[in-house]
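Q: One structure is given below, represented as structure tokens, and several questions about it will come after.
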Amino acid sequence: MLTQAPKGTRDMLPQDAYLWQWIEQKEREAAARAGYREIRTPVFEHTELFLRGVGDTTDIVQKEMYTFKDKGDRSITLKPEGTAGAVRSFIENHMFADTLPCKVYYLNAPIFRYENPQSGRLREHHQFGMECFGGREPTVEAELISTLFGFLTGLGLQNLRVHINSIGCPECRPRYHQKLKEYLGERIHDMCATCQERFQKNPLRILDCKEEKCKAIVKDAPLILDCLCDECKAHFSQLQALLSARGIPFAIDPHIVRGLDYYTKTVFEIIMQSGREGLALCGGGRYDGLVEQLGGPATHAAGFGIGAERILMELKNQNLLPEMPAATDVYVANLGADMKIPAFTFTQALRDHSVKADCDLTGRSLKAQFKFADKIGAKYVALIGGEEYERGVVKLRNMATKEEKELPLASAADEIASIVF
Ligand code: HAM
């Protein structure tokens, strides 16, 4: 128990961390190019935020939140998603009073959901998300989807297809609820207990049920796309025109409802090509009512979230993971105890010149130091030997070609820096 990470969590080891850094760099660049700025919100929030924001009939709220009482008897929840925290911060920090739209992104923020752990489904995962506040036009969703798509194809991923749907607004959705209830009402006794509960409170949630018997009933249910009001219809068709103009492959999928209650109009997902069937690589949509619902002024908003672990899974399955770069470019070997101090100071001088350098920390023989340098993939070994040191030179060996040359000690760090870069 003591030496076992909690179920559904993963260590990020050095051989994983460089991949995360690589992805994060691409995420930052993609978001910055679209004018989004980074926001970081706390890892926990008041439970009420998620009850009100995510929706109390969702699986996340009903089954998956890590909720506890703190020492002040407040109910606290570890973030089960990133949007509600961003909205809370937008309201609390009066960002609505600045020039809108306000465009923010969060970089692989830790997210906690008490789910049944399996491939691609963890209890702690990390999301890159982008949220845009104050934009009513479908250009917002088109910008989010284009940025996401550009980021993913920039990593090399192929065969991506964006699934889009519209789930209407407070004007047209009640009409759809009515139609859906008429259809489901006749079949309610054949559905699972949770869906029977959902039937009264939030029938749309039934469309998202994973139980086979409910899925079979839902298959032939009326579609919301047939009930959209004129405004939602126009919004959805403009979004399609924007995506087509940009050449983004998309499909209309009338069955996407998403697992969170705050969405209005557009919802979208990209489904993974590999891994468990139907697992989403990312998901997002418009949530025009959420800011007001959480106590802020009425504000149009839209965003997406994408799990870093799922990006890595997809990259691995498409054979696209870059190799881990060597930790050290230059290994500084010393020839005996007298040379330890000069070798140490020379290593530091190389580091001062931004060269990734390392030296012996364990008292290895010269032969063992060369062997070690080879093992860690150092491109060069700089030998600080007694005789060379007396002559004021360093011997530099190229580990690939075995070529050697002597460099004056005084300028060696500078010269090596220009060779390495
Ligand atoms: P979500 O679809 O619940 O949306 O999650 C977004 C993404 O997080 C998923 O597509 C997936 O990549 C990843 N993810 C979710 N759950 C897990 C898990 N248990 N293990 C590994 N990865 C997971 C949201 O969270 C919304 N806040 C997205 C959003 C932002 N909508 C508007 N703005």
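Counting with the numbering used here, you get residues 814 to 1234 for the letters of the sequence shown. Glycine residues also receive a C-beta, built at the ideal position from the N, C-alpha and C atoms.
(1) At what residues does the alpha helix (DSSP H) containing A899 begin and finish?
(2) Which of the three DSSP states, helix, strand or coil, is assigned to E1010?
(3) For L1052, count the other beta carbons within 10 Å of its own beta carbon; 16 or more makes it buried, fewer makes it exposed. Which is it?
(4) How should Q940 be labelled, buried or exposed, when 16 other C-beta atoms within 10 angstroms of its C-beta is the threshold for buried?
(5) Contact between the region 903 to 920 and the region 863 to 880 is defined here as three or more beta-carbon pairs at a separation below 8 Å; is this criterion met?
(6) If you draw a straight line from the C-alpha of H1068 to the C-alpha of L1036, how long is it?
(7) With hydrogens ignored, establish whether the beta-carbon of E1235 is closer than 7 Å to any heavy atom of the ligand HAM.
(8) Based on Cα-Cα distance, which residue from T1141, S1178, G1176 lies nearest to L1163?
(9) If I measure Cβ to Cβ from F1157 and keep anything under 7 Å in the same chain, skipping five residues before and after, which residues do I get?
(10) Where T880 and R853 are concerned, what is the direct C-alpha to C-alpha distance, given to the nearest angstrom?
(11) Could you tell me if the beta carbon of Q788 falls within a distance shorter than 7 Å of some heavy atom in the ligand HAM?
(12) Give the straight-line distance between the Cα atoms of Y1075 and E905, rounded to the nearest whole angstrom.
(13) Just to confirm the assignment, what range does the alpha helix (DSSP H) spanning Y989 have?
(14) Could you check whether the region 1113 to 1124 touches the region 1077 to 1095, counting it as contact only if at least three pairs of C-beta atoms, one from each stretch, sit closer than 8 Å?
(15) What does DSSP give as the partner residues of N1147 in its beta bridges?
(16) Exposed or buried, which one is M1085 when buried takes at least 16 other CB atoms within 10 Å?
(17) CB of C1042 to nearest heavy atom of the ligand HAM: below 7 Å?
(18) Enumerate in chain order the residues of its own chain whose CB-to-CB distance from R1000 is below 7 Å, with the five nearest sequence positions on each side excluded.
(19) Please name the residue in G1108, L1107, G1102 whose C-alpha comes closest to that of E984.
(20) When the Cα atoms are used, what is the spatial distance from Q828 to K1169?
(21) At what residues does the beta strand (DSSP E) containing H1002 begin and finish?
(22) For R823, which option in F925, T1214, Q971, L1179 has the closest C-alpha, if you only look at C-alpha atoms?
(23) Would the region 958 to 971 count as touching the region 919 to 939 if we require 3 or more Cβ pairs under 8 Å?
(24) How would you write the range of the beta strand (DSSP E) that P951 sits in, first residue to last?
(25) Helix, strand or coil: how does DSSP classify P1155 here?
(26) Does DSSP classify P923 as helix, strand or coil?
(27) Is it buried or exposed, V917, if we count other Cβ atoms within 10 angstroms and call 16 or more buried?
(28) Could you check whether T1079 and R1059 sit closer than 8 Å to each other, using their CB atoms as the reference points?
(29) Any chance the CB of I1189 is under 7 Å from a heavy atom of the ligand HAM?
(30) For I1084, report the span of its beta strand (DSSP E) as first-last.
(31) How would you write the range of the beta strand (DSSP E) that D1171 sits in, first residue to last?
(32) Mind checking whether the beta-carbon of F903 lies closer than 7 Å to any heavy atom of the ligand HAM?
(33) Per DSSP, which one or two residues make a beta bridge with H859?
(34) Cβ-heavy atom distance between A845 and the ligand HAM below 7 Å?
(35) Evaluate the contact criterion for the region 1032 to 1046 versus the region 933 to 948: three or more CB pairs, one atom per stretch, below 8 Å.
(36) Whole angstroms is fine: what's the gap from G1176's alpha carbon to V1206's?
A: On the basis of the data shown:
(1) That run of the alpha helix (DSSP H) goes 896 to 905.
(2) DSSP places E1010 in the helix class (H, G or I) of the three-state scheme.
(3) Buried is the call here.
(4) Within 10 angstroms of the beta-carbon of Q940 lie 16 or more other beta-carbons, which makes it buried.
(5) No: fewer than three Cβ pairs fall under 8 Å.
(6) Taking the straight line from one Cα to the other gives about 8 Å.
(7) Residue 1235 lies beyond the residue range present for the chain, which begins at 814 and ends at 1234; the question has no answer from this structure.
(8) It is T1141.
(9) Setting aside the 5 residues that flank it on each side, F1157 is surrounded in the same chain by C1172, each with a C-beta closer than 7 Å to its C-beta; the list follows chain order.
(10) Spanning the alpha carbons of T880 and R853 requires a straight line of approximately 21 Å.
(11) Residue 788 lies beyond the range of the chain shown here (814 to 1234); nothing can be said about it.
(12) Their Cα atoms are separated by approximately 19 Å.
(13) According to the DSSP assignment, Y989 belongs to the alpha helix (DSSP H) that extends over 986 to 998.
(14) Cβ pair count under 8 Å is three or more, so yes.
(15) Answer is I1197, bridged to N1147.
(16) Taking all protein chains shown into account, M1085 has 16 or more neighbouring C-beta atoms within 10 Å of its C-beta and is therefore buried.
(17) For the ligand HAM, not one heavy atom lies less than 7 Å from the Cβ of C1042.
(18) Cβ neighbours of R1000 beyond the five flanking positions: I1030.
(19) Measuring from the Cα of E984, the nearest candidate turns out to be G1102.
(20) Approximately 17 Å, taken between the alpha carbons.
(21) Per DSSP, H1002 belongs to no beta strand (DSSP E) and is neither H nor E.
(22) The residue with the shortest Cα to Cα distance from R823 is F925.
(23) Three or more Cβ pairs closer than 8 Å define a contact, and the region 958 to 971 falls short of that threshold against the region 919 to 939.
(24) Per DSSP, P951 lies in no beta strand (DSSP E) segment and is marked neither H nor E.
(25) If DSSP states are grouped into helix, strand and coil, P1155 belongs with the helices.
(26) In the displayed model, P923 falls within a strand according to three-state DSSP.
(27) With 16 or more neighbouring CB atoms inside 10 Å of its own CB, V917 falls in the buried class.
(28) It is not a contact, given that the beta carbons lie outside the stated cut-off.
(29) Distances taken from the Cβ of I1189 to the heavy atoms of the ligand HAM include none shorter than 7 Å.
(30) Following the DSSP letters along the chain, one finds I1084 inside the beta strand (DSSP E) bounded by residues 1077 to 1084.
(31) Note, D1171: beta strand (DSSP E), 1170 to 1172.
(32) The ligand HAM never approaches F903 closely enough for any of its heavy atoms to be under 7 Å from the residue's Cβ.
(33) Partner(s): I889.
(34) The answer is no for A845.
(35) Counting Cβ pairs under 8 Å, fewer than three are found: no touch.
(36) Cα to Cα, the separation comes out at about 23 Å.
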